[in-house]
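Colleague: Using my numbering, you'd call the opening residue of the sequence shown number 71 and step up by one each time.
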Amino acid sequence: TKKDGAGQVVIGPQGAPVEEEYAKFSFKWIKDYYLLESKHFTFKRFELGPDEVADYDKLVAFVATFPTNLWEDSDGNLLMATDGC
71 TKKDGAGQVV IGPQGAPVEE EYAKFSFKWI KDYYLLESKH FTFKRFELGP
121 DEVADYDKLV AFVATFPTNL WEDSDGNLLM ATDGC
């Protein structure tokens with residue numbers, strides 16, 4: 071179930087909790103993959119097995135340790151979107 075920044079469950083327009091999608095990619099890539107819809111590569115958390123959920127959570131925790139990658143122009147000024155992010 072998807073949670074917001076405050077840890078609260080996100081409720082969708084129909085009043086049901088929003089399920090997060092999880093990506094699943096093969097380490098090999100063949101031409102036929104380009105013919106598949108994106109839903110072939112995403113899964114709801116409840117569709118994953120216990121080991122897959124644990125592995126995904128480990129990956130999320132690992133990626134959270136990465137430093138923020140800031141983009142700068144040639145003068146060292148931060149490049150930001152119009153909303154300041």
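Backbone N, C-alpha and C define an ideal beta-carbon position, used for all residues, glycine too.
1) Do you know offhand how far E91's Cα is from A134's?
2) Considering only DSSP beta bridges, list what K114 is partnered with.
3) Shortest alpha-carbon distance to T71 belongs to which of G146, P83, P120, E89?
4) Could you compute how far the alpha carbon of V80 sits from the alpha carbon of W141?
5) May I have a chain-ordered list of the beta strand (DSSP E) segments no shorter than 3 residues that lie completely inside the segment 117 to 154?
Modeller: This is what the structure holds:
1) 18 Å
2) E91
3) E89
4) 30 Å
5) At a cut-off of 3 residues, not a single continuous stretch assigned as beta strand (DSSP E) sits fully inside the segment 117 to 154.
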